[in-house]
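Enquirer:
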Amino acid sequence: MKLAVNKFTQALKNSEKQIGLWLSLRNNFAAEVVSPSGYDWLLIDMEHNPNDVSTVLTQLQAVDSGGSTALVRPPWNDTVMIKRLLDIGAPGLLIPMVQSVEEAEKAVAATRYPPRGVRGVTGTSRGNAFGRIKDYYDRVEDETTLLIQLETRSAIEQAIPIASVDGVSGVFFGPADIAADIGKLGQPLCDEVWELIMPAAKSLMEKGIPVGTLVGDPDFAARLLKEGFTFVAVGSDLSILISGADNLLANVKAKMG
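When we follow the working numbering, the leftmost residue of the sequence shown carries the number -19, and every step to the right adds one.
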């Protein structure tokens, strides 16, 4: 048995546009509902949602039923958590709040086995099909996606050296936290935020480094993809549920007169 090719990792290397959706409901049934929709990637979020390793596992299993690639955002750049997520078969990771080259190097090291890194070794895990994938140790580093999230002005100023760390697959800009960092809390789409992001993003693109983000505006998401962003999440299961529920009720009430 051989390790499967990670479609998302290969897409980033080939500069193929990848449209994503955030999974915030921490529920495997909800993940299974959206998995066949056709998104290129689905992000299981542990940072801002009440997920743990066991709930992430069930969502990974659910996403496997569709054609999307599952990525996981751990709560922090934590070596032990990264190890556990890789062991349960996460095909890729988004590491939040990376502030320096050293922190990016730490994230990479957590995904690499010695002597290239510090990932602990187990012979039987879901990641290696419980020991059945014979080329797992040889190929997992090449197939695993590792995205680094930049969320402050200081981090953006270091975008090129951070992204150039060997093992980083791409850079993800977090507009909500960037907005907060520059005094625009709650305004992730304001001009000041994107006037900060876009020059750094274009510099990364010029070097062939994949760039991504999450925005809730579909028109703006499409614009970013047209302008060179490689991977963009266009909403979340939670936002779809909120807007669907609110709009349905408002629609009925409006027709009642």
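Where a beta carbon is used, it is the ideal one built from N, C-alpha and C, also for glycine.
Where does Gly224 fall in DSSP's three states?
Expert: Sequence index remark: in the sequence shown, residue 224 carries index 244 (1-based). Note: Gly224 maps to helix in three-state DSSP.
Enquirer: Which whole-angstrom value is the C-beta distance of Met77 and Pro55, which I expect to be below 8 Å?
Expert: Counting from 1 along the sequence shown, the entry for residue 77 is found at position 97. Counting from 1 along the sequence shown, the entry for residue 55 is found at position 75. About 10 Å; that fails the 8 Å criterion.
Enquirer: Report all residues from its chain with a CB closer than 6 Å to the CB of Ser216; omit the five preceding and five following residues, and keep chain order.
Expert: Working through the sequence shown from its first residue, we reach residue 216 at position 236. So the qualifying residues of the chain are Trp2, Ser4.
Enquirer: By Cβ distance below 8 Å, which residues in the same chain neighbour Phe110 in space, the five residues on each side in sequence not counted?
Expert: As a first step, residue 110 is located in the sequence shown; it is residue number 130 there, counting from the start. Answer for Phe110: Thr104, listed in chain order.
Enquirer: For Thr102 versus Glu121, is the C-beta spacing smaller than 8 Å?
Expert: Taking the sequence shown and counting its residues from 1, the one referred to as residue 102 is at position 122. Taking the sequence shown and counting its residues from 1, the one referred to as residue 121 is at position 141. Using a Cβ distance threshold of 8 Å, Thr102 and Glu121 do not count as a contacting pair.
Enquirer: Take Ala(-16) as the anchor and find which of Lys182, Glu175, Lys114 has the nearest alpha-carbon.
Expert: Here residue -16 refers to the residue found at position 4 when the sequence shown is read from its first residue. Selected option, being the one with the closest Cα: Lys114.
Enquirer: Would you kindly work out how many angstroms separate the C-alpha atoms of Leu37 and Asp67, rounded to a whole number?
Expert: The residue labelled residue 37 in the question sits at position 57 within the sequence shown. The residue labelled residue 67 in the question sits at position 87 within the sequence shown. Taking the straight line joining both Cα atoms gives about 10 Å.
Enquirer: With burial defined as no fewer than 16 other Cβ atoms inside 10 Å of the residue's Cβ, what is the status of Val212: buried or exposed?
Expert: What you label residue 212 is simply residue 232 of the sequence shown in a count that begins at 1. Per the 10 Å Cβ criterion, buried.
Enquirer: Please report how far the alpha carbon of Ser34 lies from the alpha carbon of Leu23, in whole angstroms.
Expert: The residue labelled residue 34 in the question sits at position 54 within the sequence shown. The residue labelled residue 23 in the question sits at position 43 within the sequence shown. Going by the C-alpha atoms only, they are around 16 Å apart.
Enquirer: Select from Pro30, Asp32, Ala10 the residue whose C-alpha is nearest the C-alpha of Gly46.
Expert: Indexing the sequence shown from 1 puts residue 46 at position 66. Comparing Cα-Cα distances from Gly46 to each of Pro30, Asp32, Ala10, the minimum goes to Ala10.
Enquirer: Distance check for Asp171 and Met236, CA to CA, integer angstroms please.
Expert: Here residue 236 refers to the residue found at position 256 when the sequence shown is read from its first residue. Here residue 171 refers to the residue found at position 191 when the sequence shown is read from its first residue. Met236 and Asp171: Cα-Cα distance of roughly 40 Å.
Enquirer: Ala213 bridges to which residues according to DSSP?
Expert: For the purposes of this step, residue 213 is identified with residue 233 of the sequence shown, where counting begins at 1. In DSSP, Ala213 forms a bridge with Gly0, Leu194.
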